[in-house]
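From first to last, the protein sequence lines stand for chains V and U.
All letters in the first sequence, in the order written, are residues 151 to 676 by my numbering.
All letters in the second sequence, in the order written, are residues 237 to 583 by my numbering.
Ideal Cβ placement from N, Cα and C applies to all residues, glycine included.
All figures in this text were calculated on a predicted structure; none of them were measured in a lab.
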Amino acid sequence: MTSPFKTIRWGWFLLALLPVIVCSIPLLFVLVSATQIKGDELTDSFRFFSTGSIANTLVLCVGVLLLSLVLGVGSAYLFATYRFFGSRFFEIAFVLPIAIPGYIMAITYASFFNYSGLFYQNTGMYFNMMNMWGLVFTLALCLYPYVFITALHAFKLSSGNYNESATLLGIGRKKMFFKIALPLALPAIIAGAWLVFMETLNDFGAASYYGIRTLSTEIFRCWQIGPSVTVFLSLCILVFIVATMVIIQRYLDKKGYYQPSKSKPVQKIKLTGWKNLVVAVVCFNVFLFSFLLPVGILIAYAMQFGLEEGEGVRLWARTINSFQLAAIAAGVILVFCVINSYSKVIHRVRKTRALNFLSDFGYAVPGAVLAIALLSVSTFFDASLGTIVTGTFLFLIIAYMIRFYTVARGPVENMYNKLPQNLFNASASLGKKPLGTFFKIYLPILLPAFGSIFLLVFIDVLKELPITLILRPFNFETLSTSVYGYAKVNESVGQAAPYSLLIITLGVLAVLMLKRIEKKYGINKG
Amino acid sequence: MLKKISIVLALAVSGCMVSEEEKPAGSGKKNEEVNVYTHRHYAVDRKIFRQFFRETGIYVNVIDDDADKLLVRLEKEGKNSPCDVFMTVDAGRLVRAKEMGLLQPIVQEKILGTVPANLRDNEGYWIAQTVRARVIIYSKDRVQPNQLSTYEDLADPKWKGKLTVRSSDNIYNQSLLASMIAHNGREAAGKWAAGIVSNLSGDPKGNDKDQVKAIAAGQADVSFVNTYYLGQMMESKDAGEKDAIGKVGVFYPNQEGRGAHINISGAGIAKYAPHKTNAEKLIEFMLRNDIQAMFAEANDEFPARQGVKVKPALAEWASFKTDTLDLQKLGELNKDALILFNNANWK
Numbered sequence: 151m152t153s154p155f156k157t158i159r160w161g162w163f164l165l166a167l168l169p170v171i172v173c174s175i176p177l178l179f180v181l182v183s184a185t186q187i188k189g190d191e192l193t194d195s196f197r198f199f200s201t202g203s204i205a206n207t208l209v210l211c212v213g214v215l216l217l218s219l220v221l222g223v224g225s226a227y228l229f230a231t232y233r234f235f236g237s238r239f240f241e242i243a244f245v246l247p248i249a250i251p252g253y254i255m256a257i258t259y260a261s262f263f264n265y266s267g268l269f270y271q272n273t274g275m276y277f278n279m280m281n282m283w284g285l286v287f288t289l290a291l292c293l294y295p296y297v298f299i300t301a302l303h304a305f306k307l308s309s310g311n312y313n314e315s316a317t318l319l320g321i322g323r324k325k326m327f328f329k330i331a332l333p334l335a336l337p338a339i340i341a342g343a344w345l346v347f348m349e350t351l352n353d354f355g356a357a358s359y360y361g362i363r364t365l366s367t368e369i370f371r372c373w374q375i376g377p378s379v380t381v382f383l384s385l386c387i388l389v390f391i392v393a394t395m396v397i398i399q400r401y402l403d404k405k406g407y408y409q410p411s412k413s414k415p416v417q418k419i420k421l422t423g424w425k426n427l428v429v430a431v432v433c434f435n436v437f438l439f440s441f442l443l444p445v446g447i448l449i450a451y452a453m454q455f456g457l458e459e460g461e462g463v464r465l466w467a468r469t470i471n472s473f474q475l476a477a478i479a480a481g482v483i484l485v486f487c488v489i490n491s492y493s494k495v496i497h498r499v500r501k502t503r504a505l506n507f508l509s510d511f512g513y514a515v516p517g518a519v520l521a522i523a524l525l526s527v528s529t530f531f532d533a534s535l536g537t538i539v540t541g542t543f544l545f546l547i548i549a550y551m552i553r554f555y556t557v558a559r560g561p562v563e564n565m566y567n568k569l570p571q572n573l574f575n576a577s578a579s580l581g582k583k584p585l586g587t588f589f590k591i592y593l594p595i596l597l598p599a600f601g602s603i604f605l606l607v608f609i610d611v612l613k614e615l616p617i618t619l620i621l622r623p624f625n626f627e628t629l630s631t632s633v634y635g636y637a638k639v640n641e642s643v644g645q646a647a648p649y650s651l652l653i654i655t656l657g658v659l660a661v662l663m664l665k666r667i668e669k670k671y672g673i674n675k676g
Numbered sequence: 237m238l239k240k241i242s243i244v245l246a247l248a249v250s251g252c253m254v255s256e257e258e259k260p261a262g263s264g265k266k267n268e269e270v271n272v273y274t275h276r277h278y279a280v281d282r283k284i285f286r287q288f289f290r291e292t293g294i295y296v297n298v299i300d301d302d303a304d305k306l307l308v309r310l311e312k313e314g315k316n317s318p319c320d321v322f323m324t325v326d327a328g329r330l331v332r333a334k335e336m337g338l339l340q341p342i343v344q345e346k347i348l349g350t351v352p353a354n355l356r357d358n359e360g361y362w363i364a365q366t367v368r369a370r371v372i373i374y375s376k377d378r379v380q381p382n383q384l385s386t387y388e389d390l391a392d393p394k395w396k397g398k399l400t401v402r403s404s405d406n407i408y409n410q411s412l413l414a415s416m417i418a419h420n421g422r423e424a425a426g427k428w429a430a431g432i433v434s435n436l437s438g439d440p441k442g443n444d445k446d447q448v449k450a451i452a453a454g455q456a457d458v459s460f461v462n463t464y465y466l467g468q469m470m471e472s473k474d475a476g477e478k479d480a481i482g483k484v485g486v487f488y489p490n491q492e493g494r495g496a497h498i499n500i501s502g503a504g505i506a507k508y509a510p511h512k513t514n515a516e517k518l519i520e521f522m523l524r525n526d527i528q529a530m531f532a533e534a535n536d537e538f539p540a541r542q543g544v545k546v547k548p549a550l551a552e553w554a555s556f557k558t559d560t561l562d563l564q565k566l567g568e569l570n571k572d573a574l575i576l577f578n579n580a581n582w583k
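Here it is, written out as structure tokens:
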């Protein structure tokens, strides 16, 4: 009799393969296009290419990463270890900026500090936001929550046992952070930082508005000359990502990290006196600049501009559109991701790094470039299938999957990996089929975690712009396409304000729901 | 809790779509609609499309996005493209669309005859709807209008540290430089771009309105912007914007010579348009006297059609001399402009 553990379950295997195939489309596109690069077009186009963009991209990535790490890791450790005035509130508040899209953060800050903005109008002081530092600042403010979320979870998990032992051994708090807490949380922090890195790499809107040339903006600009440079630069990005990923993995392997398991809850240290005050004030300032201020500016704009005739209906319709689209897309992505990861459990494959970068690539290239790659694919189907898929909801959802699969993949795999393989083996030896095991055992345990991952993807789809713009059906407007229209084409942050606020509101609701789930079920996306 | 959430989610997802615009049943039938790819994300366009529907029963379906992306979509879709009308805000891109073989000529004289020859393709592949001028703006406090004369003059060292411009990625700047190449030759245009760069007070950034604000804030003294943005700022609900526009003067350059640089917003019929007749009707409609007036009234653009009555502020601007350069040149010279910008290190 064959062992129940060794067979390949083809149904599961093929289902699991599907997202991998779909997600590798942009990569295949780039590779196929690479064979068509015309040498003379390339040399010709490099006369337009701004080499400074490479340095700019590096500075931007390093800057945003550093600031995100300081804000995200610092605050996460603080909340995991100490109790102080408002700490429970800030723990939620620090996640909220994730609801603000980078381009909205950038234009909001720029408009606040320019001549017509509230700051200048009230103080007479001119403050130039639109430079590299302004860009680093605004992007880091809305990206640091990605680090914060993962780091907080890791610190909470690891701190209990180790802190106690370390304290007994007489280790100081500073040493404890650098020697124990930080190394233990490093894989989780890197996972968060990876998302920040890729988000920074693919930012187009904020950088181009601030007049900073990055690989992203250059890819788009050189495209006016011909596709060769765009393809070439996409390849560069690909190499850049793979190299970074390899370096990180090597490092982690060498250090031999493992997933800390759940330990007993930490006894948080209560801060008192001036320390309590200083920490609370610092936290408030981070919250102020990353959320309260931009939202406040947008509210002020929305009130100043008011609503035009019939705009209420428009706002409502587009909110519904955005919500439905994001919810459906997040649901589809999650389902495929869950199947894919479960298939790995069934086949007892724990690590599939080689395949991971397939989906990461879709996340790291600029959205506009990905949109073009997808257009090539959809129009290919149009021509060969005889039915039009370009501009349908179905293809739009597939496009989102390619874009955001990475966001769900990491956390979902992590959740599975936390459960012992024996769980599956035991169920299998008791005669349960994989599907039964999934519904009877895995799903009940992991459902809350899936819920919170769903919400993360939901927020990302909500904020997405370039793909939505070009691949949506006729007459279909979402909140983010509206923001694009008003802020970019009409150059009016004021008219875009109500739409921006609604994106943020939906995102904030998702975050609050996520926090609720975490609190109730004591889980996180680690 | 989770159950509740899922129920709410399920309800919301399955909830019926809310329609934001009137679209009666049966409008999905062929020959009762027309599909538009447009760069123009303007409220007035939607209003005009609605009026077109009310008058003709032809519903206008719209996708708006960046023109360059829309061109790629058109190209990739090929024969399967649902697009009937391509609309964008720069002659250079319309020329590009023609060169890429994505358009078909408009043959009806009643459409072509409504606008002057320099505002349409000589073979009828595209036609202007509205006109916009790229004019000089200056700080009323620090610059006297008599110090200004031409675009060329702004490259003079006397303006060192006094200029602000937006990025050369912007198509309006590309077309301005293309017009300089057409009039003064490649070498002179290159020198001009370099001269502008050496006169800048800071790196190119922001959009047209940001240039106005930079001057109002004293960051620079002179710049160039498109006229309709000035009009929009004058009528803005934002007090700060109104204040900013109050601090700058508008100057129509090159009045002694060729006139101020103009560009157009225009339309062409897609090569494989499934609703060609409707496309022609829509373009003809947009060039009608009263519709042209709507563009001008709501968006502060100049009508492409001659003799349309516009509001006083626009009428005053419209009285200035404008460049009659064949706008086809803007497209043909676009690549040269990009090279010159790059050589001049105009970011």
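- Distance between U/Y465 and V/G355, taken at the CA atoms: about 20 Å.
- Beyond the five residues adjoining it in sequence on each side, V/G236 comes within less than 8 Å, by CB distance, of A430, C433, F434 in the same chain, given in chain order.
- U/S403 has a beta carbon lying within less than 7 Å of a beta carbon in chain V.
- Taking C-beta atoms under 8 Å as the contact rule, U/A429 and U/L566 fail to qualify, at a distance of about 16 Å.
- For U/Y278, the chain V residues whose Cβ falls inside 9 Å of its Cβ are G635, V639, N640, in order along the chain.
- For the 7 Å CB-CB criterion, V/G213 and V/F298 do not form a contact.
- For the region 424 to 449 of chain U, the beta-carbon criterion of a distance under 9 Å to any beta-carbon of chain V is satisfied by G438, D439, P440, K441, G442, N443, D444, K445, D446, V448, K449.
- Contact between V/T542 and V/L525 does not hold, since their C-beta atoms are separated by about 13 Å, which reaches or exceeds 8 Å.
- Annotation: V/G462 has no Cβ neighbours in chain U at a cutoff of 8 Å; minimum Cβ distance is about 10 Å.
- Cβ-Cβ distances below 7 Å link U/D439 to K583 in the same chain, with the five nearest sequence neighbours on each side left out; the list follows chain order.
- DSSP, reduced to helix, strand and coil, places V/M279 outside both helices and strands of the structure shown, so it counts as coil.
- For V/E614, the closest of V/K568, V/F229, V/I254, V/F263 by C-alpha to C-alpha distance is V/I254.
- Interface residue (Cβ-Cβ distance to chain V less than 7 Å): U/V371 is not classified as such.
- Assignment of U/Q491 by DSSP, reduced to helix, strand and coil, places it in the coil class.
- Taking 7 Å as the cut-off, the Cβ atoms of U/G502 and U/A364 count as close.
- The contact set of U/Y465 on chain V, defined by CB atoms closer than 7 Å, consists of E641 in chain order.
- Rounded to the nearest whole angstrom, the CA to CA distance from V/S528 to V/F244 is 39 Å.
- U/V308 belongs to the set of residues whose beta carbon lies under 7 Å from a beta carbon in chain V.
- Taking the CA atoms as reference points, U/K305 sits about 38 Å from V/A301.
- Residue contact check for U/L574 against chain V: a CB pair falls below 7 Å.
- Every unbroken stretch of the alpha helix (DSSP H) spanning 4 or more residues and falling wholly within the region 385 to 434 of chain U is given here in chain order: 407 to 420, 422 to 434.
- Note on geometry: alpha-carbon atoms of U/L523 and U/I294 lie some 17 Å from one another.
- The region 528 to 606 of chain V contains, as complete alpha helix (DSSP H) runs of 4+ residues, the segments 543 to 568, 571 to 579, 584 to 587 (chain order).
- Among the residues facing chain V, U/G476 is included, as its CB has a counterpart in that chain under 7 Å away.
- For U/Y295, DSSP records a beta bridge to U/E269.
- Under the DSSP assignment, V/N435 falls in the alpha helix (DSSP H) whose first and last residues are 423 to 437.
- For U/V321, no Cβ of chain V is located within less than 7 Å of the residue's own Cβ.
- Between the region 509 to 517 of chain U and the region 311 to 330 of chain U there are three or more inter-stretch CB-CB distances shorter than 8 Å, so the stretches are counted as touching.
- When V/L215, V/A249, V/A166, V/V180 are compared, the shortest CA-CA separation from V/M663 is found for V/A249.
- Secondary-structure assignment with DSSP links U/V458 through a beta bridge to U/Y374, U/L399.
- When CB distances to chain U are screened at a threshold of 9 Å, the residues of the region 266 to 292 of chain V falling below it are S266, G267, L268, Y270, Q271, Y276, N278, M280, N281, in chain order.
- For the options V/F347, V/S579, V/Y270, V/G635, the alpha carbon positioned closest to that of V/V392 is the one of V/F347.
- The Cβ atoms of U/V486 and U/V401 lie no closer than 7 Å to each other.
- Straight-line measurement puts the Cα of V/F554 at about 42 Å from the Cα of U/M530.
- Listed along chain V is no residue with a C-beta nearer than 7 Å to that of U/I294; the closest approach is about 14 Å.
- Beyond the five residues adjoining it in sequence on each side, V/Y671 comes within less than 6 Å, by CB distance, of P598 in the same chain, given in chain order.
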